[in-house]
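*Asks:*
Protein chains in written order, with the working numbering: chain A, 1 to 617; chain B, 1001 to 1108.
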């Protein structure tokens, strides 16, 4: 016997944390309103022997859905999703310290007519504040059982399960209800009822949370708050370089040692070349950037769980509004610094269709972590490592400049979209600013591990086969006997690179760079490994030198800068294009994106190369 | 966009009893919502006045609720962070014009 259970609740109620506690699933929990965008299901067997299929629904304030996210919640609750019945039991998850809006949601949910249990989550915080809730009285009046839970400590889970079990047994006999979208008068009435319930059954906290107010006085200060936000972002990017350094050196040294080991152990030949130049150097040159990606994600996850993200959206609303973007677009765009794919998917929290499309179109201009390997390689090859003004690292500053260029171009593109193509004001900005919470270290660690696994499997599944393909392209056909030039000149890759090179000559790209752009279409960071393969194969004498110092000898300074400029815009990422196709449900937008980004990349690289060349680079 | 500072003198004329749209309140001002009306958001063709009205209501901007302006944004003092009963909400001034607030008596 299986029962279907759906978790419903306001954003920031700890719904996803409760889902994790129930199903043990490894999923993202965050403090930002509306982070749950994907359908998430898990199963659990109750002590009573019943199997529960638990569905984690996006947070909402009302069943009257406004965004694609909230439509999912409404349709799932009402059983309108294609091929799915309405759930047997609803679990309404509430932040025990913030009951007003969820009480109104409960009144709406009661009209649906499904058996329901209310989980008063974060009950430990309510107790610490001295908030008194007459649980039995409230349960009696609402007509549904109430369980107190602390999802992050797994408290109250067993009791919740047994209540769900009881309700599931009787769910067949529940009378069917009818929900209709409430009008303004009904919403007012429901608020009045919620207010009455609060007055009757909840005693205000004896020690209310004053921390959030005190922290906000600093973090939401019009001048100081913005300064802190930018300082945070700056620190984040400096940390990506400095903290990750030692770990990167270690990984790089390990793979070099592994290559040497293989060289000593195996006879010279095609297989040794494949192993060292294809497999080992291919995997190594991608994994070496894992530490940087870890640091970046650590910052993003901590800020999300702390509750800072909604504040960042608040601070950025007017600034982004100047570029025609909605304050809510800040979160998708910030996520895009890690990867454009989760960024584009989280744009679902934006209600207005045009606001959402604008955000999707500019999201890939944010510097994703896949560009870090390319930037890091070219920067270490062409930008000297020295201190500027005594405290900043020049390489870090250039990196910051590249990020800034990405942000500014995203703002410029969205401004053009909003002022030229879609005129008119943006959606209202209405956003809850949740109470600050200390991030749960276990939760952060779990999410970080999840990100690392995604990166590594991606490296394994997409990047590795491509590395092999590049090695094949670069190795076959072999050079004719007695050939004078390097072997790769005669290979397929050489032919392709030479064929496309005239097209890219005005932007300073040689044929090796052109070859590297081709596999880079699968994932931007593949370009680094491809360059490694192209040069390692082309010049067997360069074993000892790292790729960076090799490039600094092979490319002109102007070409190096042009390559950086290309990658600010670089449209090559097959997965991003696939996600845009899925999110917009048409090929039109991915094609528009590909075209405008390629044009910008070519233009930027052209300007940079010609300028630097004219100045003697 | 209305200049929020323009109305402060009008409010002073009323002495203890003053009514102000939430969209024009300044940091430190507080009061009780007396009316929430359907007001078209500035120049927007995408969203009807009624839809904005509904969203404000759903967020808890209802008659009788307590509001206090806690923070203002850096550019043109927009958006504002308000304490709405026991929760904190960020809202743009132009979206909050339809919320009318009876200001508390200023403390001596």
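Note that beta-carbon positions come from the ideal geometry of N, C-alpha and C, so glycine has one too.
This one's a predicted model, so the numbers in the text were calculated from it and none came from an experiment.
Who are the Cβ neighbours of residue 494 (chain A) in its own chain at under 8 Å, not counting the five residues just before and after it?
*Replies:* 474, 488, 511 and 515
*Asks:* Between which two residues does the alpha helix (DSSP H) harbouring residue 257 (chain A) extend?
*Replies:* 245-265
*Asks:* Count the CB pairs spanning the segment 204-220 of chain A and the segment 379-391 of chain A that are closer than 8 Å, and state whether there are at least three.
*Replies:* no
*Asks:* Who does residue 1105 (chain B) pair with in a DSSP beta bridge?
*Replies:* For residue 1105 (chain B), which the question treats as bridged, DSSP gives no partner whatsoever.
*Asks:* Against chain B, which members of the segment 301-320 of chain A pass a CB distance test of less than 9 Å?
*Replies:* 310, 311, 313, 314, 315, 317, 318 and 319
*Asks:* Would you mind sorting residue 352 (chain A) into buried or exposed? The rule is 16 or more other CB atoms within 10 Å of its CB.
*Replies:* In summary, residue 352 (chain A) is buried, with 16 or more beta-carbon neighbours lying within 10 Å of its beta-carbon over all protein chains present.
*Asks:* Please confirm if the segment 410-421 of chain A is in contact with the segment 188-200 of chain A, defined as three or more CB-CB distances below 8 Å between the two stretches.
*Replies:* No, the segment 410-421 of chain A does not touch the segment 188-200 of chain A.
*Asks:* What does residue 1087 (chain B) reach in chain A if we use C-beta pairs closer than 9 Å?
*Replies:* Residues of chain A passing the Cβ test: 98, 100, 101, 432, 433, 434 and 435.
*Asks:* Would you identify the three-state DSSP class for residue 225 (chain A), choosing helix, strand or coil?
*Replies:* helix
*Asks:* Just checking residue 364 (chain A) against the ligand ATP - is the residue's beta carbon closer than 6 Å to any of the ligand's heavy atoms?
*Replies:* This structure does not include the ligand ATP; it has no bound ligands of any sort.
*Asks:* Would you identify the three-state DSSP class for residue 119 (chain A), choosing helix, strand or coil?
*Replies:* strand
*Asks:* Check the C-beta distance from residue 338 (chain A) over to residue 297 (chain A) and give it rounded, since I have them as a contact under 8 Å.
*Replies:* 6 Å
*Asks:* Any idea what DSSP makes of residue 92 (chain A), helix, strand or coil?
*Replies:* strand
*Asks:* State the Cα-Cα distance for the pair residue 433 (chain A) and residue 1087 (chain B), rounded to the nearest angstrom.
*Replies:* Straight-line Cα distance between these residues: approximately 8 Å.
*Asks:* Would you list the residues sitting across from residue 429 (chain A) in a DSSP beta bridge?
*Replies:* Per DSSP, none; premise fails for residue 429 (chain A).
*Asks:* What does DSSP give as the partner residues of residue 392 (chain A) in its beta bridges?
*Replies:* A:388
*Asks:* Going along chain B, which residues have a C-beta under 7 Å from residue 299 (chain A)?
*Replies:* Within 7 Å Cβ-Cβ: nothing; residue 299 (chain A) doesn't reach chain B, min ~22 Å.
*Asks:* In this structure, what does DSSP give as the bridge partners for residue 4 (chain A)?
*Replies:* A:53
*Asks:* Counting only the same chain and skipping the five closest in sequence on each side, list residues whose C-beta sits under 8 Å from that of residue 240 (chain A).
*Replies:* 292, 295, 296, 372 and 399
*Asks:* Over the uninterrupted alpha helix (DSSP H) stretch that includes residue 317 (chain A), give me the two end residues.
*Replies:* Residues 308-322.
*Asks:* In chain order, what residues of the same chain lie with their CB nearer than 6 Å to the CB of residue 19 (chain A), ignoring the 5 residues before and after it?
*Replies:* 7 and 56
*Asks:* Return helix, strand or coil for residue 1084 (chain B), following the three-state DSSP convention.
*Replies:* strand
*Asks:* In chain order, what residues of the same chain have a beta carbon less than 7 Å from the beta carbon of residue 106 (chain A), not counting five sequence neighbours either side?
*Replies:* 92, 118 and 142
*Asks:* Residue 242 (chain A) by DSSP, collapsed to three states: which one?
*Replies:* helix
*Asks:* What's the C-alpha gap between residue 362 (chain A) and residue 307 (chain A)?
*Replies:* 25 Å
*Asks:* Near residue 1025 (chain B), which residues of its chain fall below 6 Å by C-beta distance, leaving aside the five closest residues on each side in sequence?
*Replies:* 1069
*Asks:* Is it buried or exposed, residue 359 (chain A), if we count other Cβ atoms within 10 angstroms and call 16 or more buried?
*Replies:* buried
*Asks:* Restricting to Cα atoms, I'd like to know which of A:554, A:165, A:311 and A:128 is closest to residue 228 (chain A).
*Replies:* A:311
*Asks:* How far does the alpha helix (DSSP H) with residue 44 (chain A) in it reach, from first residue to last?
*Replies:* Segment 40-45 is the beta strand (DSSP E) holding residue 44 (chain A); no alpha helix (DSSP H) there.
*Asks:* What do you reckon, are the CB atoms on residue 42 (chain A) and residue 165 (chain A) nearer than 7 Å?
*Replies:* no
*Asks:* Could you tell me how far apart the beta carbons of residue 1039 (chain B) and residue 1097 (chain B) are, in whole angstroms, since I believe they sit closer than 8 Å?
*Replies:* 5 Å
*Asks:* Just checking: is the beta-carbon of residue 70 (chain A) within a distance shorter than 7 Å of some beta-carbon in chain B?
*Replies:* Put simply, the CB of residue 70 (chain A) is far from chain B, with every gap to its CB atoms at 7 Å or more.
*Asks:* Between the beta-carbon of residue 151 (chain A) and the beta-carbon of residue 14 (chain A), is there less than 7 Å?
*Replies:* yes
*Asks:* Quick check on residue 280 (chain A): does DSSP put it in helix, strand or coil?
*Replies:* Three-state DSSP puts residue 280 (chain A) in a helix.
*Asks:* Can you list, in chain order, the residues of its chain whose CB lies under 8 Å from that of residue 589 (chain A), leaving out five sequence neighbours each side?
*Replies:* 357, 360, 361, 580 and 581
*Asks:* Which residues, in chain order, does the segment 181-193 of chain A contribute to contact with chain B at a C-beta distance below 7 Å?
*Replies:* 184, 187, 188 and 191
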